[in-house]
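Student: Mapping of the sequence shown onto numbering that gives the first Met the number 0: residues 0 to 346, in sequence order. Mind having a look at this structure? Questions to follow.
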Amino acid sequence: MSFACKVLASFLLIFFSSIKGTALTHITILGALDHDIDLNIPSFQMNDAIEHIQWNKNEMRIVQYQHGKIHDGQKETYQLFLNGTLKIKRLNRSDTGTYKVIVYDKDGKNVLEETFILRVLEKVSTPVISWNCINKTLTCEVTRGTDLKLRLYYNGRSVGEGQKVITHKWNANSNGSFTCTANNDVGEETKTAVIECPGKGLDIILILSICGGGLMFLIFVALLIVYISKRKKQLRRRSGFFVADEELEVRAHRKISEEGGRKLQPVPGSAPQNPAASQPPPPPSHRPQVPGHRPPPSGHRVQQQHKNQKQRRPLPSPGTQVHQQKGPPLPRPRVQPKFPRGATENS
Numbered sequence: 000m001s002f003a004c005k006v007l008a009s010f011l012l013i014f015f016s017s018i019k020g021t022a023l024t025h026i027t028i029l030g031a032l033d034h035d036i037d038l039n040i041p042s043f044q045m046n047d048a049i050e051h052i053q054w055n056k057n058e059m060r061i062v063q064y065q066h067g068k069i070h071d072g073q074k075e076t077y078q079l080f081l082n083g084t085l086k087i088k089r090l091n092r093s094d095t096g097t098y099k100v101i102v103y104d105k106d107g108k109n110v111l112e113e114t115f116i117l118r119v120l121e122k123v124s125t126p127v128i129s130w131n132c133i134n135k136t137l138t139c140e141v142t143r144g145t146d147l148k149l150r151l152y153y154n155g156r157s158v159g160e161g162q163k164v165i166t167h168k169w170n171a172n173s174n175g176s177f178t179c180t181a182n183n184d185v186g187e188e189t190k191t192a193v194i195e196c197p198g199k200g201l202d203i204i205l206i207l208s209i210c211g212g213g214l215m216f217l218i219f220v221a222l223l224i225v226y227i228s229k230r231k232k233q234l235r236r237r238s239g240f241f242v243a244d245e246e247l248e249v250r251a252h253r254k255i256s257e258e259g260g261r262k263l264q265p266v267p268g269s270a271p272q273n274p275a276a277s278q279p280p281p282p283p284s285h286r287p288q289v290p291g292h293r294p295p296p297s298g299h300r301v302q303q304q305h306k307n308q309k310q311r312r313p314l315p316s317p318g319t320q321v322h323q324q325k326g327p328p329l330p331r332p333r334v335q336p337k338f339p340r341g342a343t344e345n346s
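Here it is, written out as structure tokens:
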């Protein structure tokens, strides 16, 4: 082998060795979004010989330890402990990157140098299980998570896999326990649901028929109640009208009876006066005597006058009687009949 070949082989060996050593020193760290994380230096122990520790992010210094003191440039985000561990608070997506730690002793010698590659992942959310007994389908889905894996189990047996959504369809009765599991490198969530679907007898048509029948029955009952209440009101009104009419009839009959009794009594000055009766009778010595005719007695004459007064006065009409019923009747004085003087003297 020539000298040139030996030099080329030595160079390639050194190059591949350096690449292999660099690859081994890179440590991948996975962090959860909105959570804290610690970057621990492996196989490192702090001692009095250590003089300087420095952490860089993407080749920029973020925190360091020197001469026994910690210099935190960004206390809200980073915190350095005395053992060299770097704490990153409340990770966000911008914290993803390459972190490098360099350690020196009091002589300025590079004791340790380590590189970390940090990836920030979002934790998975709790799966949501929903099912439809009519279509015989079940769905499991998650809304959040980075690089997640979704698995569905039925009674402990795997029936499907996916990333965001799994839809499972069954042909026969699948009553039982379904478990949905979502996980990634920073977390895992599980949800279990027990499915109980009715048999074939209860389908959508039967359910709608039952609901429709119940609704019609409620409407019929409501209409019946309304009809009965209206009927009762009508009967009450009619009975009230009948009672009022009967009372009016009784009152009218009483008024007519009372008015008729008062009309039969003689009213002074109402009957026309007889001229012969109004004149004073002549004395007995000068009274003319008609041959063959004897004057009737005085009592008979008074009765004849009352009879004539009753015949001459007409009875009031029914309309007049009803009109006169309004208001209480006025009291009238009782008048004694006047007898002629001749009759008094004869008696």
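The beta carbon of each residue, even a glycine, is placed where N, CA and C say it ideally should be.
Taking only the alpha-carbon atoms, compute the straight-line gap between I116 and H167 and give it to the nearest angstrom.
Tutor: Between I116 and H167, the C-alpha separation is close to 39 angstroms.
Student: Under 8 angstroms: do the region 134 to 143 and the region 59 to 68 share three or more Cβ pairs, one atom per stretch?
Tutor: In short, these stretches do not touch, since the Cβ pair count stays below three.
Student: Taking C-alpha atoms, which residue in N91, D104, I128 and T138 lies nearest to K122?
Tutor: Cα-wise, what sits closest to K122 is N91.
Student: Judging by CA-CA distance, which residue of P41, L223 and V141 is the nearest neighbour of L111?
Tutor: Here the closest residue by C-alpha is P41.
Student: Out of K232, W54, T138 and D184, state which residue places its alpha-carbon closest to the alpha-carbon of T178.
Tutor: Comparing Cα positions, the closest option is T138.
Student: State the start and end residues of the unbroken beta strand (DSSP E) segment that holds Q65.
Tutor: From DSSP, the beta strand (DSSP E) with Q65 extends over M59 to Q65.
Student: What does A192 pair with, by DSSP beta-bridge criteria?
Tutor: Beta-bridge pairing links A192 to F177.
Student: Cα separation between A181 and G155?
Tutor: Answer to the nearest angstrom: the Cα atoms are 15 angstroms apart.
Student: The beta strand (DSSP E) with K56 in it runs from where to where?
Tutor: Its beta strand (DSSP E) spans residues I49 to K56.
Student: When the Cα atoms are used, what is the spatial distance from H34 to N183?
Tutor: Cα-Cα distance, rounded: 15 angstroms.
Student: Would DSSP call K237 helix, strand or coil?
Tutor: The identity of residue 237 in the sequence shown is Arg, whereas the question assumes Lys. The answer is helix: DSSP assigns R237 an H, G or I state.
Student: Let me know the secondary structure DSSP gives K86 once reduced to three states.
Tutor: Reduced to three states, the DSSP call for K86 is strand.
Student: Mapping the DSSP letters down to three states, classify L29 as helix, strand or coil.
Tutor: Looking at L29 - three-state DSSP - the assignment turns out to be strand.
Student: For N82, which residues in the same chain have their Cβ closer than 7 angstroms to its Cβ, ignoring the five residues on either side in sequence?
Tutor: So the qualifying residues of the chain are M45.
Student: Provide the residue(s) that pair with L151 in DSSP beta bridges, ordered along the chain.
Tutor: For L151, which the question treats as bridged, DSSP gives the partners G159 and C179.
Student: What number of angstroms, rounded off, separates the C-alpha of I165 from the C-alpha of S93?
Tutor: Rounded to the nearest angstrom, the two C-alpha atoms are 31 angstroms apart.
Student: Between R250 and A221, what straight-line distance do the alpha-carbon atoms span, to the nearest angstrom?
Tutor: Approximately 44 angstroms, taken between the alpha carbons.
Student: Within the continuous beta strand (DSSP E) that includes C132, where are the two ends?
Tutor: That residue, C132, is in no beta strand (DSSP E); it is neither H nor E in DSSP.
Student: So N174 and E187 are supposed to be a Cβ contact under 8 angstroms. How far apart are they, rounded?
Tutor: Contact flag wrong, Cβ pair sits at about 27 angstroms.
Student: Using the three-state DSSP reduction, which class does H285 fall into: helix, strand or coil?
Tutor: Low confidence applies to H285: its pLDDT is 46, below 50, so where it sits in the model is not reliable enough to give any reading.
Student: Taking DSSP as the reference, what is the three-state secondary structure of E140?
Tutor: DSSP places E140 in strand when its eight states are reduced to three.
Student: Use the C-beta contact count for G352: other C-beta atoms within 10 angstroms, 16 or more gives buried, fewer gives exposed.
Tutor: Any property of residue 352 remains undetermined from this structure, which presents the chain solely from 0 to 346.
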